[in-house]
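>
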Amino acid sequence: MNDGTKHKRGIDEGSDFFEEFNAFSARLRQKILSLRKEKKLTQEQMEAFELTLRQFQRIESGETTNPTLANLFKIAKALGISPSQLLDI
Numbered sequence: 015m016n017d018g019t020k021h022k023r024g025i026d027e028g029s030d031f032f033e034e035f036n037a038f039s040a041r042l043r044q045k046i047l048s049l050r051k052e053k054k055l056t057q058e059q060m061e062a063f064e065l066t067l068r069q070f071q072r073i074e075s076g077e078t079t080n081p082t083l084a085n086l087f088k089i090a091k092a093l094g095i096s097p098s099q100l101l102d103i
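Using this note's numbering, the first residue of the sequence shown is number 15, and each one after it goes up by one.
#1: If you pair each beta-carbon of the region 66-78 with each one of the region 33-51, do three or more pairs fall below 8 angstroms?
#2: CB residue 55 to CB residue 84, shorter than 8 angstroms?
#3: In three-state terms, what does DSSP make of residue 65?
#4: Pick out whichever of 53, 87, 35 and 102 has its Cα sitting closest to the Cα of residue 65.
#5: Write down the C-beta distance between residue 45 and residue 100 rounded to the nearest angstrom, noting that I regard them as a contact closer than 8 angstroms.
#6: With 16 as the cutoff for other CB atoms within 10 Å, does residue 68 come out buried or exposed?
#7: Using the beta-carbon count (16 or more within 10 Å), is residue 32 buried or exposed?
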């Protein structure tokens with residue numbers, strides 16, 4: 015049902031899950047950054063995997079706290095791991 019209010023993607027600060035979600039998001043960002051550096055990939059090289067530079071920068075910096083499943087899938091493939099391995103944090 016659409017009540018006319020705009021809902022942001024993610025978990026609201028008032029949610030019981032907010033702190034846990036933020037911690038999960040931070041661990042995921044750190045894992046992406048660590049694996050990218052381990053693979054010696056630059057943020058610019060991630061564009062070859064159908065992610066724009068800006069999309070990837072926003073995910074890695076935490077500006078985007080709720081990346082889409084499609085983008086997580088692309089990141090996993092770019093890092094040479096499965097999506098389930100990426101999310102195993």
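Yeah, the Cβ is synthetic: ideal placement off N, Cα and C, and Gly gets one too.
On the basis of the data shown:
#1: Touching, yes.
#2: No, the Cβ-Cβ distance between residue 55 and residue 84 is not below 8 angstroms.
#3: Residue 65 carries a coil assignment under DSSP once its states are collapsed to helix, strand and coil.
#4: When the alpha-carbon of residue 65 is set against those of 53, 87, 35 and 102, the nearest one is in 87.
#5: Rounded to the nearest angstrom, the Cβ distance from residue 45 to residue 100 is 7 angstroms, consistent with a contact under 8 angstroms.
#6: Exposed, by the Cβ-count rule.
#7: Around the beta carbon of residue 32, fewer than 16 other beta carbons sit within 10 angstroms, so the residue counts as exposed.
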